[in-house]
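First up is the structure itself, then whatever we jot down about it.
2 protein chains.
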Amino acid sequence: MSELASLFNPQSVAIIGASATPGKIGNAILQNMIDSGYKGELYPINPKEEEILGYTCYPSVAEIPGEVEMAVLAVPARFVLPVAKECGEKGVKHLIGITAGFRETGKEGAQKEQELLEVCNEYGMRLVGPNCLGIADTHTPMDATFMADFPLKGRIAFISQSGALCASILDWSLDRGIGFSKFISLGNKADLNEADFILDAAADPNSSVIFCYIEDVADGDRFMQVCSEVSRSKPVVVLKSGTSSAGAQAASSHTGALAGSDRAYDTAFRQSGILRAYSMEEFFNYAAAFSYLPIPKGDRVAIVTNSGGPGIICTDSIEANGLTVARFSRETTEALRENLPPEANIYDPVDLIGDADKGRYLFALDRVLADDNVDAVVVMYTPVAVLSPEEVADAVITMRDKYPEKPVAVVLLGGAAVHDAADILEEAEIPCYFTPEPAVRSIAGLVRYSNMMDKAESPVVMDFSDVDRDKVREVFDSVKADNRVVLLGNEASAVAEAYGIPVAPIRLATSREDAANSADELGYPVVMKVASPYIVHKTDIGGVRLNLSSREEVEESFVEIMENVHRYLPDTPVNGVEVQKMMPPGTEIIIGMSQDVQFGPMLMFGLGGIYVNLLQDVAFRLVNGLTVAEVDNMIQETKAFNLLKGYRGDRPKDIKVVKETIARVAQLVWDFREITEMDINPLFAYDEGKGMAALDVKITLS
Amino acid sequence: MSELASLFNPQSVAIIGASATPGKIGNAILQNMIDSGYKGELYPINPKEEEILGYTCYPSVAEIPGEVEMAVLAVPARFVLPVAKECGEKGVKHLIGITAGFRETGKEGAQKEQELLEVCNEYGMRLVGPNCLGIADTHTPMDATFMADFPLKGRIAFISQSGALCASILDWSLDRGIGFSKFISLGNKADLNEADFILDAAADPNSSVIFCYIEDVADGDRFMQVCSEVSRSKPVVVLKSGTSSAGAQAASSHTGALAGSDRAYDTAFRQSGILRAYSMEEFFNYAAAFSYLPIPKGDRVAIVTNSGGPGIICTDSIEANGLTVARFSRETTEALRENLPPEANIYDPVDLIGDADKGRYLFALDRVLADDNVDAVVVMYTPVAVLSPEEVADAVITMRDKYPEKPVAVVLLGGAAVHDAADILEEAEIPCYFTPEPAVRSIAGLVRYSNMMDKAESPVVMDFSDVDRDKVREVFDSVKADNRVVLLGNEASAVAEAYGIPVAPIRLATSREDAANSADELGYPVVMKVASPYIVHKTDIGGVRLNLSSREEVEESFVEIMENVHRYLPDTPVNGVEVQKMMPPGTEIIIGMSQDVQFGPMLMFGLGGIYVNLLQDVAFRLVNGLTVAEVDNMIQETKAFNLLKGYRGDRPKDIKVVKETIARVAQLVWDFREITEMDINPLFAYDEGKGMAALDVKITLS
């Protein structure tokens, strides 16, 4: 039982600010409560009235004779605080803050909202809103909103951060016959937010699917944790707006530049098993599909049509959406061949041709739905004189009832001629579309959910015990003591090494002799680079020397590099020269990390080298809850994976060490949240068993 | 005046196979002709009837007293040939072949169709179909089809290869109030095809936009030539199915593997100025947008809404579709600030907030539409109590009438509550949608067309006079004499050289001494590769030696290579060893060519090297009519362009020579259509002024 269960099924409700004047919000809410058929006690509160809409009116909550479980606040903003306190004193458990004029109006409003929250906390009351449309439950039933209509009874729990979207979805749903279990307007989310309601809907036996429109999340970690849990048992579909407005962050690292804020949301949704709708249309289409259809077992779709052209268009759409055109069993094909006219197409898409009657649809659907190689079916109908769309609808309903475990969607290609049939289908809870693409996209949504469900649980990656936290702390402390945020190459390498990330050995040399000694220690050949957090393009100023194979060359290079730097950048502080063992070339990859405001550290993996930004062959994962399976997926999403597998006869690379290195980077940035950006690029991957070597590690602290 | 004009406006029409029995096709066509209000002479032909539907019936065309301009053939297939001959004798100009049973049924039918075509040619008759629904013209008016309804009068010429799609589009259009000038069912396209009707519609003053559904084109060259011409004056929108079925060709070259058949169609559409609809939805949405809205001058879209959330969703969609969110002038912003409530958003998207009335919509639309920084407007409405959708529709109509030169689309977010307003808008020829994305996509279609119109005409690239055709002919002849289709490296290089394509100098050596002499001539260092059309992976069998810097090394290598080949592939014919001058490294690009069955040679350009298939950073253009501007676009579409421009401080590469080389390859493959595949990869591009060098040229002949 959800701790919020009583919010949707209170024994008694007070409407504070109830009004006798039609058109006022306080009137609409009371009227909606009455019209919904709410069976508990209803107490309108208004000091100026004795009775409203047939209910005894009380001057204040305090004066209500019995207990009050929930109170709806529809008073002006200035009265909200004292009224809330009164509710607390009365022992009210839940407040629905309809009233606007809080955080959304600026600083002063935010302050008022904070005070309201404190009152709620003091008395242990939970708060919806403020600045919301209210909440409704069709099973209780209860309508504590001022919406124009009450939703139809159904199985979708709908949670929305936009009141406008509540109104639109409601109006649309009445038209399409789509029902809801709950309707929740989040408002300002001062207390209860999307995560609370998703969790509640998960426990609600009347809700079988959860739809959510959000503009942001209140708490990234909790949102992910809740959704990861809930999505295992119920589909969670999210429409999030603001995909583009933020744009790419202004950041100095590759990872930061490629990771936008929407990317973090997208990654968070994916990692927590949420199905994201990328448009309002898709959201609407998913609503019908998820509330009516079973989840398919696979992605093999059969088409049954009475016309060829639209059948081909549907086939195109199936492939474009990553689904598979079903290949029927021999029995199915034989049965179709024997019973359909010779001009018919007996392979997928099954074309019953223009003179098909209801019997032909029934026969073909029966055969196709019975085939184990078919996971879902799209039935198409083009208006013809010999067969009415109503007959097709009838055939589909019969066969859906016979095979309830396989999703069936219908495409009626036409306008007025097919309206009635569409109504019949929706009445029978079969989603109906007027062009093939949305039907296919809806099935693709079900398949995406099915794939997510199939994923086995997999251990979280962060469990290396051989890491040296003290060493990292020591380096960071010294960098901070130096008033820097960017680590020098040797410092960053030391940090990486402390976490078992394979790096090419590196030393910081401050003199000619020091450099030569370091090179002797490391072994030749070596590479030398000027060490300065202020110099970005080291090659351009003559600050880099490659392939040095003797003590003499190293000494000369030290002098040259120092002279070049002093000539080009005379006033730039320089810490010395980094001497690094020159590594044999390997497959160049990048592992990076940037911080997202909402979801914390996010890893990037992909093709490395100088063309990272050009090619953008990268995949992202949030570190929060990162699993072994996600690391595998992350690597496999990139083209770099093809290189690692051994491209065109090349030997396979050490993917095991690549995975481990990603996991070690994850642990490092999780342990030290002060790391704001990290780039390891290039990171050479060698043949299987030979490991990796990071050539350049960049770390920036907050 | 189009040569087909009289097809859509004949003085007299014979319906051959007219029937008195309702439900028969020959009855439906006559009834449709009558119902359409056709004003010419109508002659039903049926030897068994004296009168049908009030018209005198004739036993045959020959016996009609007056002239007959057009005949509709609705007789069984076996009667079609003699009847067609009779029509020819009578002097009929146009035949509409409704009858099925021709090419679509197999070989015998195809033969019958060929005979029918020959009869038409003999008598100078033009033929629509056979196996079609017929044709209709709403302006004539005339309905020579057996469709269930007559289209509304309008400005869209609709041409369809699928009869089913005709029926669906017609039914949908009646529902949405969309009108057509002509409705053409192409059928088997034995004579007249899509190109003929596109050309006719271009000349038709009643058609302002041309919509076409095709599954293939009858003649690629003519289709491109016609559409390139027509699309300059009227939008041509095409929906083509079968995008996926063909799949990638089985081909040995990079270019062949990356170029699928749909890629050729896509490229042909783009190069001939056709706007492609990628789904049936998009096709429908474009139909409303192109028949109602003016073409915008730019891509800057303003949003006027009464709710924030949907406004953000619309903004996301604008950016996702490559359009620009408009930035208003200071005057507009000031006017909005002064006249809208303080909570309103005065920047794009303009949020009039929930209590907006009609006056606020009128004011904001007036200001926004007057702003020179706005090219198109999306008006959004979320149902609220204070403002009806009909009032919003009214405000939009008023302002559209005041600013008829800017496209305005409306999004009414809701279901039943907004139906009436949607009808009002469509009646007023303002497209109306129920979610933001299709509205934005429709405007994006108008903008895409506008951009295509803006493209200046640019000269065709194939005009090099310094090419040596005889040399190429000579090489090809010798390859053919050798019974080969794959050219050796030195042969392919000679061909390239003959067309001024820069190649690294190469010689074929057949002995140790020969190799050493070649290397002396070319200058050191050199590269050596086994020369055999049968060995693909030359490195794997030890058939390649790099960086050879002396006569001795070359001689040794010759022996080694030959020994390796004999050891690993003892029975493979070997032509010798290629000695090639080793070139300094440059930016690696690829230029390739594959042949498309329908559209001829198609070029590919992109990032070269061993990762061509992995990265797939390539652009395609058909050689047919290839212009200088298209070569520029082709290069700019790829990421390789960023490298050529000088990536991250690198010097710019010799783009002029890159362009010229593409043009020279185009001319080569155009002059020699027997080249079925060509790959130049890698092709090194050097710094500006330094040109290029092709390292490997592969040519396959038919």
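Top line first, the protein sequences correspond to chains H and E.
Take the position in the first sequence, starting the count at 1, then add 78; the result is the number in the numbering used here.
Take the position in the second sequence, starting the count at 1, then add 78; the result is the number in the numbering used here.
Even for Gly, the Cβ is constructed at its ideal location relative to N, Cα and C.
Run of the beta strand (DSSP E) containing residue i, from where it starts to where it stops
{"i": "residue 459 (chain E)", "result": "454-459"}
{"i": "residue 172 (chain H)", "result": "172-175"}
{"i": "residue 90 (chain E)", "result": "90-94"}
{"i": "residue 678 (chain H)", "result": "678-685"}
{"i": "residue 168 (chain H)", "result": "Per DSSP, residue 168 (chain H) belongs to no beta strand (DSSP E); it is in the alpha helix (DSSP H), 155-168."}
{"i": "residue 364 (chain E)", "result": "Unbroken run through residue 364 (chain E) is the alpha helix (DSSP H), 358-370; no beta strand (DSSP E)."}
{"i": "residue 705 (chain H)", "result": "Unbroken run through residue 705 (chain H): none, as it is neither H nor E."}
Residue range of the alpha helix (DSSP H) that includes residue i
{"i": "residue 340 (chain H)", "result": "339-349"}
{"i": "residue 663 (chain E)", "result": "Here residue 663 (chain E) belongs to no alpha helix (DSSP H), and DSSP marks it neither H nor E."}
{"i": "residue 438 (chain E)", "result": "436-448"}
{"i": "residue 576 (chain H)", "result": "567-576"}
{"i": "residue 764 (chain H)", "result": "Counting along the chain, residue 764 (chain H) falls outside any alpha helix (DSSP H), and DSSP gives it neither H nor E."}
{"i": "residue 530 (chain H)", "result": "514-532"}
{"i": "residue 502 (chain H)", "result": "497-505"}
{"i": "residue 467 (chain H)", "result": "467-480"}
{"i": "residue 772 (chain E)", "result": "No alpha helix (DSSP H) contains residue 772 (chain E), which is instead part of the beta strand (DSSP E) from 770-772."}
Beta carbon of residue i nearer than 9 Å to that of residue j
{"i": "residue 405 (chain H)", "j": "residue 451 (chain H)", "result": "yes"}
{"i": "residue 267 (chain H)", "j": "residue 279 (chain H)", "result": "no"}
{"i": "residue 215 (chain H)", "j": "residue 87 (chain H)", "result": "yes"}
{"i": "residue 584 (chain E)", "j": "residue 694 (chain E)", "result": "no"}
{"i": "residue 125 (chain E)", "j": "residue 138 (chain E)", "result": "yes"}
{"i": "residue 735 (chain H)", "j": "residue 537 (chain H)", "result": "no"}
{"i": "residue 121 (chain E)", "j": "residue 158 (chain E)", "result": "no"}
{"i": "residue 591 (chain H)", "j": "residue 633 (chain H)", "result": "yes"}
{"i": "residue 546 (chain H)", "j": "residue 576 (chain H)", "result": "yes"}
{"i": "residue 152 (chain H)", "j": "residue 95 (chain H)", "result": "yes"}
{"i": "residue 494 (chain E)", "j": "residue 253 (chain H)", "result": "yes"}
{"i": "residue 449 (chain H)", "j": "residue 485 (chain H)", "result": "no"}
Closer than 9 Å to chain C by CB, residue i
{"i": "residue 436 (chain H)", "result": "In the displayed structure, chain C is absent; the protein chains listed are H and E."}
Inter-stretch contact at 8 Å, needing at least 3 Cβ pairs: the segment 348-365 of chain H / the segment 305-316 of chain H: By the criterion of at least three beta-carbon pairs nearer than 8 Å, the segment 348-365 of chain H is in contact with the segment 305-316 of chain H.
Every unbroken beta strand (DSSP E) within the segment 207-266 of chain E, with a cutoff of 3 residues, ordered by chain: Listed in chain order, the complete beta strand (DSSP E) runs (minimum 3 residues) inside the segment 207-266 of chain E are 212-215, 220-223, 230-238, 257-263.
Residues in the segment 338-360 of chain E having any Cβ partner in chain H nearer than 7 Å: Hits within the stretch, in order: 357, 358, 359.
Residues, ordered as in the chain, of the segment 501-516 of chain H that lie near chain E by beta-carbon distance below 9 Å: Answer in chain order: 512, 513, 514, 515, 516.
Interface positions of the segment 280-298 of chain H facing chain E (Cβ-Cβ less than 9 Å), listed along the chain: Correct list: 291, 293.
Chain H contacts made by the segment 456-488 of chain E, where a contact means CB separation under 8 Å: Shown in chain order are the members of the segment 456-488 of chain E whose Cβ falls below 8 Å from a Cβ of chain H: 460, 461, 462, 463.
Three-pair Cβ contact test at 8 Å for the segment 417-428 of chain E versus the segment 439-448 of chain E: These segments touch.
contact_flag[the segment 656-674 of chain H, the segment 752-761 of chain H] where n(CB pairs < 8 Å) is 3 or more: The segment 656-674 of chain H is in contact with the segment 752-761 of chain H.
At least three beta-carbon pairs within less than 8 Å, the segment 272-291 of chain E to the segment 228-237 of chain E: For the pair of segments examined, the segment 272-291 of chain E was found to touch the segment 228-237 of chain E: the number of CB pairs separated by less than 8 Å reaches three.
Within 8 Å of chain E by C-beta, residues of the segment 604-615 of chain H in sequence order: For the segment 604-615 of chain H, which is checked against every Cβ of chain E, the residues closer than 8 Å are 615.
Within 9 Å of chain E by C-beta, residues of the segment 374-388 of chain H in sequence order: With the criterion set as a beta carbon lying under 9 Å from some beta carbon of chain E, the members of the segment 374-388 of chain H are 383, 384, 385, 386, 387, 388, in sequence order.
Segment contact, 8 Å Cβ cut-off, at least three pairs: the segment 481-490 of chain H with the segment 506-525 of chain H: Yes, the segment 481-490 of chain H touches the segment 506-525 of chain H.
Residues within the segment 722-736 of chain H neighbouring chain E, beta-carbon criterion of under 8 Å: Closer than 8 Å at the C-beta level to chain E, one finds these residues of the segment 722-736 of chain H: 725, 726, 727.
Uninterrupted alpha helix (DSSP H) stretches inside the segment 539-620 of chain E (no shorter than 4 residues): As summarised for the segment 539-620 of chain E, the continuous alpha helix (DSSP H) elements at least 4 residues long and confined to that stretch are 547-559, 567-576, 590-600, given in chain order.
Inter-stretch contact (C-beta, 8 Å, three-pair minimum) for the segment 201-208 of chain H and the segment 163-181 of chain H: Yes, they touch.
Chain E contacts made by the segment 234-246 of chain H, where a contact means CB separation under 9 Å: For the segment 234-246 of chain H, the set of positions with a beta-carbon nearer than 9 Å to some beta-carbon of chain E reads 238, 239, 240, 241, 242, 243, 245, 246 in chain order.
Residues in the segment 213-227 of chain H having any Cβ partner in chain E nearer than 8 Å: Residues passing the 8 Å Cβ filter: 226.
Touching by the beta-carbon criterion (3+ pairs, under 8 Å), the segment 378-385 of chain E and the segment 427-438 of chain E: Between the segment 378-385 of chain E and the segment 427-438 of chain E there are three or more C-beta pairs closer than 8 Å, enough to call the two in contact.
Any 3 or more C-beta pairs closer than 8 Å across the segment 394-403 of chain H and the segment 520-530 of chain H: Touching, yes.
Where the segment 680-696 of chain H meets chain E: residues whose CB sits under 9 Å from a CB there: Correct list: 685, 688, 689, 691, 692, 693, 694, 695.
Ordered list of alpha helix (DSSP H) runs contained in the segment 399-438 of chain H, each at least 4 residues: If we require 4 residues or more, the alpha helix (DSSP H) runs fully inside the segment 399-438 of chain H come out as 408-417.
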